[in-house]
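Written below as structure tokens is the structure these notes are about.
Protein chains: 2
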Amino acid sequence: MRQAGRSLPEYRELRGQGSLLDAVRDPAIAIEATCQPVRRYGVDAAILFSDIMVPLAATGFDVEIEPGKGPIVSNPIRTSSDLGRLRPFDPADAPYLTETVRGVVAELGVPLIGFAGAPFTLASYLVEGGPSRDHVRTKALMHTDEKTWFALCDYLAETTVTALRSQIEAGASAIQLFDSWSGTLSPPDYEHFALPSTKRIFEEIASFGVPRIIFGVGTGELLELMATSGAEVLGVDWRVPLDRAAGRVGPQIALQGNLDPALCVAGYEPAATAARLVLAAGKKAAAHIFNLGHGVLPETDPEVLRGLVELVHATSVDQRPGAR
Amino acid sequence: MRQAGRSLPEYRELRGQGSLLDAVRDPAIAIEATCQPVRRYGVDAAILFSDIMVPLAATGFDVEIEPGKGPIVSNPIRTSSDLGRLRPFDPADAPYLTETVRGVVAELGVPLIGFAGAPFTLASYLVEGGPSRDHVRTKALMHTDEKTWFALCDYLAETTVTALRSQIEAGASAIQLFDSWSGTLSPPDYEHFALPSTKRIFEEIASFGVPRIIFGVGTGELLELMATSGAEVLGVDWRVPLDRAAGRVGPQIALQGNLDPALCVAGYEPAATAARLVLAAGKKAAAHIFNLGHGVLPETDPEVLRGLVELVHATSVDQRPGAR
Numbered sequence: 003m004r005q006a007g008r009s010l011p012e013y014r015e016l017r018g019q020g021s022l023l024d025a026v027r028d029p030a031i032a033i034e035a036t037c038q039p040v041r042r043y044g045v046d047a048a049i050l051f052s053d054i055m056v057p058l059a060a061t062g063f064d065v066e067i068e069p070g071k072g073p074i075v076s077n078p079i080r081t082s083s084d085l086g087r088l089r090p091f092d093p094a095d096a097p098y099l100t101e102t103v104r105g106v107v108a109e110l111g112v113p114l115i116g117f118a119g120a121p122f123t124l125a126s127y128l129v130e131g132g133p134s135r136d137h138v139r140t141k142a143l144m145h146t147d148e149k150t151w152f153a154l155c156d157y158l159a160e161t162t163v164t165a166l167r168s169q170i171e172a173g174a175s176a177i178q179l180f181d182s183w184s185g186t187l188s189p190p191d192y193e194h195f196a197l198p199s200t201k202r203i204f205e206e207i208a209s210f211g212v213p214r215i216i217f218g219v220g221t222g223e224l225l226e227l228m229a230t231s232g233a234e235v236l237g238v239d240w241r242v243p244l245d246r247a248a249g250r251v252g253p254q255i256a257l258q259g260n261l262d263p264a265l266c267v268a269g270y271e272p273a274a275t276a277a278r279l280v281l282a283a284g285k286k287a288a289a290h291i292f293n294l295g296h297g298v299l300p301e302t303d304p305e306v307l308r309g310l311v312e313l314v315h316a317t318s319v320d321q322r323p324g325a326r
Numbered sequence: 003m004r005q006a007g008r009s010l011p012e013y014r015e016l017r018g019q020g021s022l023l024d025a026v027r028d029p030a031i032a033i034e035a036t037c038q039p040v041r042r043y044g045v046d047a048a049i050l051f052s053d054i055m056v057p058l059a060a061t062g063f064d065v066e067i068e069p070g071k072g073p074i075v076s077n078p079i080r081t082s083s084d085l086g087r088l089r090p091f092d093p094a095d096a097p098y099l100t101e102t103v104r105g106v107v108a109e110l111g112v113p114l115i116g117f118a119g120a121p122f123t124l125a126s127y128l129v130e131g132g133p134s135r136d137h138v139r140t141k142a143l144m145h146t147d148e149k150t151w152f153a154l155c156d157y158l159a160e161t162t163v164t165a166l167r168s169q170i171e172a173g174a175s176a177i178q179l180f181d182s183w184s185g186t187l188s189p190p191d192y193e194h195f196a197l198p199s200t201k202r203i204f205e206e207i208a209s210f211g212v213p214r215i216i217f218g219v220g221t222g223e224l225l226e227l228m229a230t231s232g233a234e235v236l237g238v239d240w241r242v243p244l245d246r247a248a249g250r251v252g253p254q255i256a257l258q259g260n261l262d263p264a265l266c267v268a269g270y271e272p273a274a275t276a277a278r279l280v281l282a283a284g285k286k287a288a289a290h291i292f293n294l295g296h297g298v299l300p301e302t303d304p305e306v307l308r309g310l311v312e313l314v315h316a317t318s319v320d321q322r323p324g325a326r
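Those protein sequence lines, which keep their order, are chains A and B.
Note that the working numbering has the first sequence beginning at 3, numbered continuously upward.
Note that the working numbering has the second sequence beginning at 3, numbered continuously upward.
Written out as structure tokens, the structure reads:
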């Protein structure tokens, strides 16, 4: 459960008033923030405490993560002349990232999922200068200056490959690519402008043999295309029932998801009722990893999440090696 | 094209610095704002210059429309005890609404589309107190206190029926129901919590015999259900290709849409290329009303929209009575 820590009092105590990026840059904090939800909830995997903007911030972009708002980039990319500012990401720019991965792997008995951002979503932050409702500048750039757009995507793909490789080499057992905003694209635009660099990323890390997961919000119409990206697992938000998603992606792709995180705020009963529907629909998929359909909301009661983990463990077959 | 006026210099001059709700309350301004895009673009219908929150503001809710943000409600509905504050909407609360409709109908030679908000979307503003990313309070209310939720929906359905009736009686030739945020609901939640009051609205205005349109953003997974609402026309956002939408809703429902408004900001060529795809896909629908897939963005160049209207008129069959 991505950002599960946000719901925990021990997380709020650990983080204090510091910025998110400062916390990510301190392995002691980042290791603890990664491990806390695993200890509290007994989930079957951990996801790295980090942010998709970390590699970009490490190469010199002026990025801040504003609470409740998202990444703000004060030196955005708008034209081809801005491309000169792009500097390739080197793992040595962010040694804390691999240090955190190693620390978590040493401490936890469950697999760690590393992650990075997909080029379209990273580009949207760089071009818009922050979160956007309409992604107007990003779409204008891709439709009026393909050369600059694809050069930016090449750079971002390279950055993400480097970030994922270093996490895998440090011990991550799986990786997830967040293309959070790809759902704002029509299928033809996604196929032409976003999918190629995503495919390239998955190809370039294929030789590691770790499971590759891709996820975006509002991607119901893109699932068929995302299924061709090279990922073994497709994360689905709560809008698409998993049996329907399974019909779209075919029998080769596992699905991850997809309980509406808002229902976990509503309380255990509504969350459990919806979780049972998710588990039933997930049986139609080649394989199903139960998860929320998006990140945990900060106002979630930890007891609801703990109850859900119990419910899922009680009603599903655990296929980890050596498990019951 | 909803909110087409926002892109026009004559609209900005007309509106000046006043608030949106004040402009709606002044028929001279509202009539002119409704007519401006029809004169400039030569579109085949006008849509009323108003806002879905107008009837609620008229019954005493403290609503302001903040530019670039949306409706802010400073006295939100949170519990059953708040229901006591709901006062039925009477057309006499908003005489400017029908006066504007009459004035537009007298002035324009094209049909006028009236509109109102669907209960789920109106409720989300009342419960959250404004626009929301996660609709957590709204979903919590529906899942933990069905009685209050459905009482609120009944009230809002009644308000919307009254608002639509008065617009039709004043001369509107068609009506559109905006359920803008319904796409944040999973299909089972939409079916149980939002669809019934929407059906009731369409039933209660059926006897007028005017075409009924329903629209929401990100509703790809809800199209089958929305097709059972009683509407003759389903508006689709730019995420769902119209041929795919036609397959989901069957041969009885006309489709409206669905060019990505961001492409109109990118420029005429990208917009025209995408518009041709929309026109081709729309041929698979029982009938197709060309439109954008959401409101016009304020930064759109009016010349792009004028060019698009010409393109659509040149490449599609105009089926208005007496047309070529």
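The beta-carbon is built from N, C-alpha and C at its ideal position, and this holds for glycine as well.
Predicted model, so just to flag it, every value in this text is computed and none were measured.
Rounding to the nearest angstrom, what Cα-Cα distance links residue i and residue j in this structure?
i, j, result
"Gly-324/B", "Ala-247/A", "Interpretation of Gly-324/B is limited by its pLDDT of 49, a score under 50 that renders its predicted location unreliable; the figure taken from the coordinates is listed afterwards. Spanning the two alpha carbons is a distance of roughly 46 Å."
"Ser-52/B", "Gly-232/B", "24 Å"
"Val-314/A", "Asp-136/B", "24 Å"
"Ser-318/B", "Val-26/A", "55 Å"
"Gly-20/A", "Arg-139/B", "28 Å"
"Glu-234/B", "Gly-44/A", "50 Å"
"Asp-181/B", "Pro-69/B", "20 Å"
"Leu-128/A", "Val-75/A", "6 Å"
"Val-242/A", "Leu-225/B", "12 Å"
"Thr-221/A", "Glu-305/A", "30 Å"
"Leu-23/B", "Cys-37/A", "50 Å"
"Gly-269/B", "Thr-81/A", "16 Å"
"Ala-229/B", "Val-311/B", "27 Å"
"Asp-303/A", "Phe-204/A", "36 Å"
"Leu-10/A", "Pro-39/A", "8 Å"
"Leu-124/A", "Asp-239/A", "19 Å"
"Leu-50/B", "Leu-187/B", "28 Å"
"Gln-169/B", "Thr-162/B", "11 Å"
"Pro-73/A", "Thr-100/B", "45 Å"
"Glu-15/B", "Gly-309/B", "23 Å"
"Ile-79/B", "Leu-110/A", "45 Å"
"Ala-288/A", "Val-267/A", "30 Å"
"Pro-213/B", "Pro-113/B", "11 Å"
On the premise that residue j lies in contact with residue i, defined as a C-beta separation below 8 Å, what is that separation, rounded to the nearest angstrom?
i, j, result
"His-290/A", "Ala-256/A", "7 Å"
"Ala-172/A", "Ile-115/A", "13 Å between Cβ atoms; not a contact."
"Leu-299/A", "Ala-276/A", "Going by Cβ atoms, the distance from Leu-299/A to Ala-276/A rounds to 14 Å, so no, they are not a contact pair."
"Pro-263/B", "His-145/A", "About 13 Å separates the two Cβ atoms, so there is no contact after all."
"Pro-57/B", "Ala-108/B", "So it is not a contact: roughly 23 Å between Cβ atoms."
"Leu-294/B", "Met-3/B", "5 Å"
With the cut-off set at 8 Å, would you say residue i and residue j are in Cβ contact?
i, j, result
"Ile-207/A", "Leu-166/A", "yes"
"Phe-63/B", "Asn-77/B", "yes"
"Ala-47/B", "Leu-307/B", "no"
"Lys-201/A", "Pro-133/A", "no"
"Leu-227/B", "Pro-189/B", "yes"
"Ser-184/B", "Phe-122/B", "yes"
"Thr-102/B", "Ile-177/B", "no"
"Lys-141/B", "Leu-279/A", "no"
"Leu-244/A", "Gly-218/A", "no"
"Ala-159/B", "Ser-126/B", "no"
"Ala-153/A", "Leu-85/A", "yes"
"Pro-29/B", "Gly-131/B", "no"
"Thr-164/B", "Pro-253/B", "no"
"Ala-35/A", "Ala-60/A", "no"
Which residue or residues does DSSP assign as beta-bridge partners of residue i?
i, result
"Val-65/B", "Val-75/B"
"Gln-178/B", "Phe-117/B, Ile-215/B"
"Ile-49/A", "Ile-115/A"
"Val-235/A", "Ile-215/A, Ala-256/A"
Check the Cβ-Cβ distances between residue i and every residue of chain C, and say whether any is below 8 Å.
i, result
"Trp-240/B", "This model lacks chain C altogether; the protein chains it does include are A and B."
Extract the residue ranges of the alpha helix (DSSP H) inside the stretch 253-324 of chain B, only unbroken runs of 4 or more that lie entirely within it. 263-268, 270-284, 304-317
Next item on the list: Pick out the complete alpha helix (DSSP H) segments inside the stretch 13-43 of chain B, 4 residues or longer, and give them in chain order.
Entry: Runs of the alpha helix (DSSP H) inside the stretch 13-43 of chain B: 22-26, 29-43.
**Prompt:** Counting only runs that start and end within the stretch 139-199 of chain A, where is the beta strand (DSSP E) found for 3 or more residues in a row?
**Reply:** 176-180
Alpha helix (DSSP H) segments (min. 4 residues) lying fully within the stretch 79-114 of chain A:
97-109
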